[in-house]
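Please read the structure below before turning to the comments.
Chains as they are written, first to last, in my numbering: chain E, 78 to 327; chain U, 86 to 286; chain F, 539 to 626.
Structure (structure tokens):
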């Protein structure tokens with residue numbers, strides 16, 4: 078699959094129409110939408126797409142969603158969390174059916190992207206649906222059989238809210254460690270983290286030495302707290318890449 | 086036109102009296118927060134409001150002095166250039182006419198200036214004669230910082246970007262000076278009824 | 539909703555910047571004309587809940603760049619950036 082160039086001239090990003098070919102309920106509030114996009118030119122793990130919905134009277138709403146699939150995957154997939162007061166996410170997570178079309182453009186955002194060739198070690202810290210672009214990175218890493226050391230610290234309310242849980246279990250090997258912190262409810266016998274990500278936790282989870290690169294994604298406040306924590310642990314600012322979702326999530 | 090997404094309605098866009106909704110606008114029932122930067126948080130004991138620039142004598146009020154001025158409750162329709170309109174919004178504020186009672190000026194233009202650096206320009210006659218207020222209350226409560234509190238301008242006959250949030254004063258100008266959005270292609274005057282969104286409109 | 543929630547990363551401006559530029563702007567480096575700080579555009583602060591997209595210096599909040607759009611018409615102001623270093 079063609080690798081979208083980040084350095085150098087880029088193909089113009091046009092609105093394209095994709096067919097919804099599969100819907101997967103990841104959790105009760107989170108759905109993955111897989112699309113067939115004939116004009117798709119490829120992407121880098123971590124990039125996003127803009128999705129645009131148009132009502133009959135011409136009213137439009139547009140939102141950005143991180144690409145969940147790896148560049149190596151056959152189909153483009155996005156994972157959407159339904160926000161109670163959302164305008165676009167309830168439509169995507171509940172109304173959309175296989176056979177519908179979705180208008181989107183991308184890939185967008187070369188800053189928050191990782192290729193296996195970029196090396197590591199790789200620290201990924203995700204809050205809630207902030208795990209989506211990080212999952213794209215882990216799927217890409219697996220597809221490339223990369224040996225880059227990687228660690229995912231995933232903050233979720235409870236185990237039921239963890240997206241991609243079974244796949245993460247499969248991907249976790251010697252060189253990839255997946256750690257959860259469950260902030261609201263933990264299963265009986267839980268020995269993992271059970272609190273908001275803080276500097277102490279990041280200190281335990283961060284790679285030693287020169288630390289490598291970190292990607293942090295999630296709600297704005299989560300990202301700020303984690304980014305501050307990583308700087309306090311000793312990460313250089315240029316090695317910490319952030320993607321804030323803002324108040325309306327992804 | 087783009088592909089119409091099956092079954093998509095979007096935020097409830099109410100039908101409303103067409104004589105109160107300018108062209109190209111739709112009604113909202115929430116109060117969207119728009120921002121071009123961090124929310125300023127000036128403590129009230131450091132806040133003041135000034136009338137400066139091309140005036141015989143500049144004027145200044147501390148927060149207490151400002152709140153001691155006669156104020157009123159005003160109900161107005163507001164229209165944002167990003168296309169949402171809100172009818173019947175209730176504000177509490179000091180009329181600009183009150184602030185201008187002892188102001189002598191031959192200037193024709195005003196620049197509203199705010200904490201955080203935002204500015205917007207209006208002709209002086211567009212904020213006098215009952216057309217504008219410095220508002221400190223909204224919906225019966227003190228104005229929220231995210232909506233411009235402690236005080237913002239209220240100039241409802243123009244697009245709402247002409248009502249500066251976090252306002253700290255009015256500078257009288259002999260020459261019109263385009264403000265923050267006016268220097269990015271937005272219309273210099275901004276009449277929603279003539280749909281004056283951008284500079285050529 | 540807190541105001542801090544409205545602050546996004548440079549990546550949030552990537553979409554509109556892609557409409558304007560044929561190269562990837564979020565990995566370009568810029569120098570803040572106000573305080574001299576240098577950062578990748580992807581790392582600056584973006585406020586996009588507004589009549590335009592505003593990019594601000596993470597060190598001093600100076601407005602680096604602004605973009606407004608009306609259909610196929612754009613207005614671009616880059617006065618807050620001394621220079622942009624682009625790999626094209």
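Heads up, the beta-carbon is just placed ideally off N, CA and C, and yes, glycines get one too. It should be emphasised that the depicted structure is a prediction, and the values quoted were computed from it without experimental measurement.
Worksheet entry | At least 3 beta-carbon pairs within less than 8 Å: the stretch 148 to 160 of chain E vs the stretch 304 to 317 of chain E | no
Item to complete: Compile a chain-ordered list of the residues in the stretch 591 to 625 of chain F whose CB is closer than 7 Å to at least one CB of chain U.
Response: 592, 594, 599, 604, 606, 608, 613 and 615
Practice prompt. Please find out if some non-hydrogen atom of the ligand COA comes closer than 7 Å to the beta-carbon of residue 109 of chain U.
Written response: Looking at this structure, you won't find the ligand COA or any other ligand, since it has none at all.
Item to complete: May I have the straight-line CA-CA distance separating residue 142 of chain U from residue 129 of chain U, to the nearest angstrom?
Response: Stepping through the second chain from its first residue, residue 142 of chain U is reached at position 57. Stepping through the second chain from its first residue, residue 129 of chain U is reached at position 44. In a straight line, the C-alpha of residue 142 of chain U is about 24 Å away from that of residue 129 of chain U.
Practice prompt. From the DSSP output, read off the bridge partner residues of residue 258 of chain U.
Written response: For the purposes of this step, residue 258 of chain U is taken as residue 173 along the second chain, with counting starting at 1. Paired residue(s): U:194.
Practice prompt. Name, going along the chain, the residues of the stretch 561 to 595 of chain F whose beta-carbon falls closer than 7 Å to a beta-carbon of chain U.
Written response: 585, 587, 588, 589, 590, 592 and 594
Worksheet item: Can you tell which of E:292, E:231 and E:224 has the C-alpha that lies nearest to the C-alpha of residue 271 of chain E?
Response: For the purposes of this step, residue 271 of chain E is taken as residue 194 along the first chain, with counting starting at 1. Minimum Cα distance to residue 271 of chain E is reached at E:231.
Item to complete: Would you mind telling me which residues of chain E sit closer than 8 Å to residue 87 of chain U, beta carbon to beta carbon, in chain order?
Response: In the second chain, residue 87 of chain U corresponds to position 2, counting from 1. By Cβ distance, chain E contributes 92, 129, 131, 137 and 180.
Item to complete: Would you please state the rounded distance, in angstroms, between the beta carbons of residue 201 of chain U and residue 122 of chain U? I believe it to be under 8 Å.
Response: Position 116 of the second chain, counted from the first residue, corresponds to residue 201 of chain U. Position 37 of the second chain, counted from the first residue, corresponds to residue 122 of chain U. Right, the Cβ-Cβ distance comes to about 5 Å (below 8 Å), so this counts as a contact.
Worksheet entry | Contact between the stretch 188 to 196 of chain E and the stretch 239 to 248 of chain E (3+ Cβ pairs under 8 Å) | no
Item to complete: Could you tell me the distance, in whole angstroms, from the CA atom of residue 218 of chain U to the CA atom of residue 248 of chain U?
Response: Start at 1 with the first residue of the second chain, and residue 218 of chain U comes out as number 133. Start at 1 with the first residue of the second chain, and residue 248 of chain U comes out as number 163. Taking the straight line from one Cα to the other gives about 9 Å.
Worksheet entry | With 16 other Cβ atoms within 10 Å as the buried cut-off, status of residue 160 of chain U | Position 75 of the second chain holds residue 160 of chain U. That one is exposed.
Discussion item. When you compare the CB of residue 558 of chain F with every CB in chain E, is at least one pair closer than 8 Å?
Written reply: Within the third chain, numbered from 1, the residue matching residue 558 of chain F stands at position 20. No, residue 558 of chain F does not count as interfacial toward chain E.
Worksheet item: Which residue comes first and which comes last in the beta strand (DSSP E) that contains residue 93 of chain E?
Response: Locating residue 93 of chain E in the first chain gives position 16, counting from the first residue. Taken as a continuous stretch (DSSP letters only), the beta strand (DSSP E) holding residue 93 of chain E covers 93 to 104.
Discussion item. Please list the terminal residues of the continuous beta strand (DSSP E) segment that includes residue 134 of chain U.
Written reply: For the purposes of this step, residue 134 of chain U is taken as residue 49 along the second chain, with counting starting at 1. Residue 134 of chain U -> beta strand (DSSP E) spans 133 to 138.
Fill in: the stretch 162 to 176 of chain U: positions lying closer than 9 Å to chain C by Cβ
Structure shown: chain C not included; protein chains present are E, U and F.
Practice prompt. Would you identify the three-state DSSP class for residue 207 of chain E, choosing helix, strand or coil?
Written response: Here residue 207 of chain E refers to the residue found at position 130 when the first chain is read from its first residue. DSSP places residue 207 of chain E in helix when its eight states are reduced to three.
Worksheet entry | CB of residue 129 of chain E within 8 Å of CB of residue 172 of chain E, strictly | Your numbering for residue 129 of chain E matches position 52 in the first chain. Your numbering for residue 172 of chain E matches position 95 in the first chain. It is not a contact, given that the beta carbons lie outside the stated cut-off.
Practice prompt. Note down the Cα distance separating residue 301 of chain E from residue 317 of chain E, rounded to an integer number of angstroms.
Written response: Taking the first residue of the first chain as position 1, residue 301 of chain E is located at position 224. Taking the first residue of the first chain as position 1, residue 317 of chain E is located at position 240. The straight-line gap from Cα to Cα measures roughly 11 Å.
Discussion item. Residues of chain F with CB closer than 7 Å to the CB of residue 269 of chain U, please, in chain order.
Written reply: As a position in the second chain, residue 269 of chain U is number 184, starting the count at 1. Near residue 269 of chain U (Cβ distances below 7 Å), the residues of chain F are 590, 604, 606, 613 and 615.
Discussion item. Check for me: the alpha helix (DSSP H) holding residue 309 of chain E runs from which residue to which?
Written reply: Sequence index remark: in the first chain, residue 309 of chain E carries index 232 (1-based). 297 to 310 is the extent of the alpha helix (DSSP H) around residue 309 of chain E.
Practice prompt. Could you name the residues of the stretch 109 to 124 of chain U whose beta carbon sits closer than 9 Å to any beta carbon of chain F, in the order they occur along the chain?
Written response: 117, 118, 119, 120, 121, 122, 123 and 124
Practice prompt. Can you pull the chain E residues whose beta carbon is under 7 Å from the beta carbon of residue 94 of chain U, in chain order?
Written response: Sequence index remark: in the second chain, residue 94 of chain U carries index 9 (1-based). Per Cβ cutoff of 7 Å: 132.
Worksheet item: Which residues does DSSP pair with residue 147 of chain U in a beta bridge?
Response: On the second chain, residue 147 of chain U is found 62 positions in, with the first residue counted as 1. Bridge partners of residue 147 of chain U: U:133.
Discussion item. Distance check for residue 167 of chain U and residue 102 of chain U, CA to CA, integer angstroms please.
Written reply: Along the second chain, read from residue 1 onward, the residue named residue 102 of chain U stands at position 17. Along the second chain, read from residue 1 onward, the residue named residue 167 of chain U stands at position 82. Spanning the two alpha carbons is a distance of roughly 19 Å.
Worksheet item: Since residue 242 of chain E is in the alpha helix (DSSP H), which residue starts that stretch and which ends it?
Response: Here the question's residue 242 of chain E lines up with position 165 in the first chain. From DSSP, the alpha helix (DSSP H) with residue 242 of chain E extends over 242 to 248.
Practice prompt. Determine, using beta carbons only, whether residue 180 of chain U comes closer than 8 Å to chain E.
Written response: Along the second chain, one-based indexing puts residue 180 of chain U at 95. No, no contact with chain E.
Worksheet item: Does any C-beta atom of chain F lie closer than 8 Å to the C-beta of residue 203 of chain U?
Response: For the purposes of this step, residue 203 of chain U is taken as the residue at position 118 of the second chain. No, residue 203 of chain U lies away from the interface with chain F (no Cβ there is under 8 Å from its Cβ).
Worksheet item: residue 156 of chain E and residue 240 of chain E look like a contact to me (Cβ under 8 Å); what is the Cβ gap, rounded to whole Å?
Response: Translated into the one-based positions of the first chain, residue 156 of chain E becomes position 79. Translated into the one-based positions of the first chain, residue 240 of chain E becomes position 163. Indeed, because the Cβ distance is near 6 Å, the residues count as touching under 8 Å.
Practice prompt. Can you grab the Cα-Cα spacing for the pair residue 123 of chain E / residue 112 of chain E, in whole Å?
Written response: Here residue 123 of chain E refers to the residue found at position 46 of the first chain. Here residue 112 of chain E refers to the residue found at position 35 of the first chain. When rounded, the distance between both Cα atoms is 17 Å.
Worksheet item: At a cut of 8 Å, does the stretch 208 to 224 of chain U reach the stretch 177 to 196 of chain U through at least three beta carbon pairs?
Response: yes
Item to complete: Determine the chain U residues that contact residue 544 of chain F at a beta-carbon separation under 8 Å, and present them in chain order.
Response: Start at 1 with the first residue of the third chain, and residue 544 of chain F comes out as number 6. Per Cβ cutoff of 8 Å: 118 and 120.
Discussion item. Only counting the same chain, and skipping five residues up and downstream in sequence, which positions put a Cβ closer than 7 Å to that of residue 325 of chain E?
Written reply: Indexing the first chain from 1 puts residue 325 of chain E at position 248. Here residue 325 of chain E scores only 45 on pLDDT, less than 50, and its place in the model should not be relied on; the value that follows carries that caveat. Answer for residue 325 of chain E: 160 and 163, listed in chain order.
Worksheet item: Between residue 158 of chain U and the rest of its own chain, which residues show a CB-CB distance below 6 Å, the 5 nearest in sequence each way excluded?
Response: Indexing the second chain from 1 puts residue 158 of chain U at position 73. Excluding sequence neighbours, residue 158 of chain U sits near 177.
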